[in-house]
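Chain order of the listed sequences is A and B.
Numbering-wise, the first sequence is residues 59 to 189 according to the working numbering.
Numbering-wise, the second sequence is residues 312 to 542 according to the working numbering.
The beta carbon of each residue, even a glycine, is placed where N, CA and C say it ideally should be.
Here's the structure, in structure tokens; my notes come after.
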Amino acid sequence: MHETDMTKALIVTVRNWWEEQPERPKISHIHLVVGQFTCVEPASLQFAFEVQTCNTFLDGAKLVIREIPLIAFCHRCQQEYRPEIGIQYACPECRSPMEDIRSGRELKIDRIEYNYLTDNSNLKSNHAPNL
Amino acid sequence: MHQTFDAALEINLLHANQEGADHNREHFDRWGITCLNVMSSPGAGKTVLLERTLAALSKEFKIAVIEGDMTTELDAERLRKYDVPVIAINTGRSCHLDSKMVAGGIHQLAHQYNPSQLDLILVENVGNLVCPAEFEVGEHAKVALLSVTEGEDKPLKYPVMFQEADCLLIAKVDLAPYLEIDLERIEANVRQINPHVTIIPISAKTGEGLEAWLAWVQSQVRAKRSLALNH
Ligand SMILES: Nc1nc2c(ncn2[C@@H]2O[C@H](COP(=O)(O)OP(=O)(O)OP(=O)(O)O)[C@@H](O)[C@H]2O)c(=O)[nH]1
Ligand SMILES: [Mg+2]
Ligand SMILES: [Zn+2]
Chain A
59 MHETDMTKAL IVTVRNWWEE QPERPKISHI HLVVGQFTCV EPASLQFAFE VQTCNTFLDG
119 AKLVIREIPL IAFCHRCQQE YRPEIGIQYA CPECRSPMED IRSGRELKID RIEYNYLTDN
179 SNLKSNHAPN L
Chain B
312 MHQTFDAALE INLLHANQEG ADHNREHFDR WGITCLNVMS SPGAGKTVLL ERTLAALSKE
372 FKIAVIEGDM TTELDAERLR KYDVPVIAIN TGRSCHLDSK MVAGGIHQLA HQYNPSQLDL
432 ILVENVGNLV CPAEFEVGEH AKVALLSVTE GEDKPLKYPV MFQEADCLLI AKVDLAPYLE
492 IDLERIEANV RQINPHVTII PISAKTGEGL EAWLAWVQSQ VRAKRSLALN H
């Protein structure tokens, strides 16, 4: 499944970021934004993420997925509408085709939450990095 | 004290694939090659379409094929009979071609042929209605096939591929009389999500619509050639 490939891409991107951080922080959450008008199934992503991060630098990190609804803009009616995925994409008012997608195609890593670990695994802030 | 930090990344998950696709496209542009990415569900008729296309156009254009297949070389073997370079890419467990695999195919091709002499690269993607739509490979246009045996509702259920298509071939129309299928309904469903797509009903069996398809391919190649000449 392509969620496996997407997860690989996700891990590579996060690893690149992580390796640039001199302190190699502990990543606790990865926030993803996934539009509903993509070929990505959030549950499959979650599953692939758990499998692929096991025993890696991301072991235990949580993947938080925020889904973004499909919103289109009808130029004739000059208003936004929410197409019913799988059923009807044209404007419900005037039946104009869906031409202008305003949201729902997103597929991105929004942000990463992390903290720093000391040698004895206590958490500390980066204001006192070596104490 | 436990303090959490935040880093905003805002990086597209497909960023690496997209970069690779742009890179491939730059190569194609430099060589004056048109690249078409042919996609459909398994068995909709991609390879038969390519066979017909090679038979009709390989005198006029220098064509190569990049053939994505999960495990076999069966399709590639069928196309080699037309005496054109065919690069087979076994995608393994991956259900689509990505830009890196196609880059590998281009390199293989460039070892054997001078790419600047090619006019057209036809990419047959892995049979799959879902994933290939999200992974650009460097194509100039996307061709989607939907065979009449698949049902009118497929564009609604798998909208991304049909929304991205530049040309939609409604395939195997010779079978339509035996099925309860409404061709106008298929077109209407596709137009809901992609009003400007070129739609051509075809039958590789009877030859219906092939002329219109070949004319579409010719127009793509000629447009690219005249662009390349002006540079
Ligand atoms: N009746 C009829 N059968 C067709 C037509 N085009 C293809 N077929 C048949 O459909 C089957 C699949 O055709 P292929 O060309 O192998 O389909 P494909 O999309 O390349 O399949 P995969 O690469 O395995 O996804 C074959 O048995 C073809 O003979 C057509 O226009 N009419
Ligand atoms: Mg095939
Ligand atoms: Zn409207």
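Counting C-beta pairs closer than 8 Å gives three or more between the region 368-376 of chain B and the region 394-402 of chain B, which meets the contact rule. For Q419 of chain B, no beta strand (DSSP E) run applies; the uninterrupted alpha helix (DSSP H) run containing it begins and ends at S410 to Q423, by DSSP. The beta carbon of T114 of chain A does not come within 8 Å of any beta carbon belonging to chain B, so the residue lies off that interface. According to DSSP, residue pairing for L121 of chain A in a beta bridge involves A:I88. For I492 of chain B, same chain residues with a beta-carbon under 6 Å away, outside a window of 5 residues either side, are V459 in chain order. The criterion of a C-beta distance shorter than 8 Å is satisfied by V528 of chain B and T364 of chain B. The Cβ of A106 of chain A sits no closer than 8 Å to any Cβ of chain B.
Ligand 1 has no heavy atom closer than 7 Å to the beta-carbon of S154 of chain A. For A482 of chain B, the distance from the CB to the nearest heavy atom of ligand 1 is below 7 Å.
At a cut-off of 8 Å between beta-carbon atoms, R124 of chain A makes no contact with chain B. Between the C-alpha atoms of N425 of chain B and G449 of chain B there is a straight-line separation of about 19 Å. By the neighbour-count definition (other C-beta atoms within 10 Å, threshold 16), C152 of chain A is an exposed residue. Taking a C-beta cut-off of 9 Å against chain A, the contacting residues of the region 313-342 of chain B are H313, Q314, T315, F316, D317, A318, A319, L320, E321, I322, N323, L324, L325, H326, A327 and N328, listed in chain order. Between the alpha carbons of E475 of chain B and Y174 of chain A lies a distance of about 44 Å.
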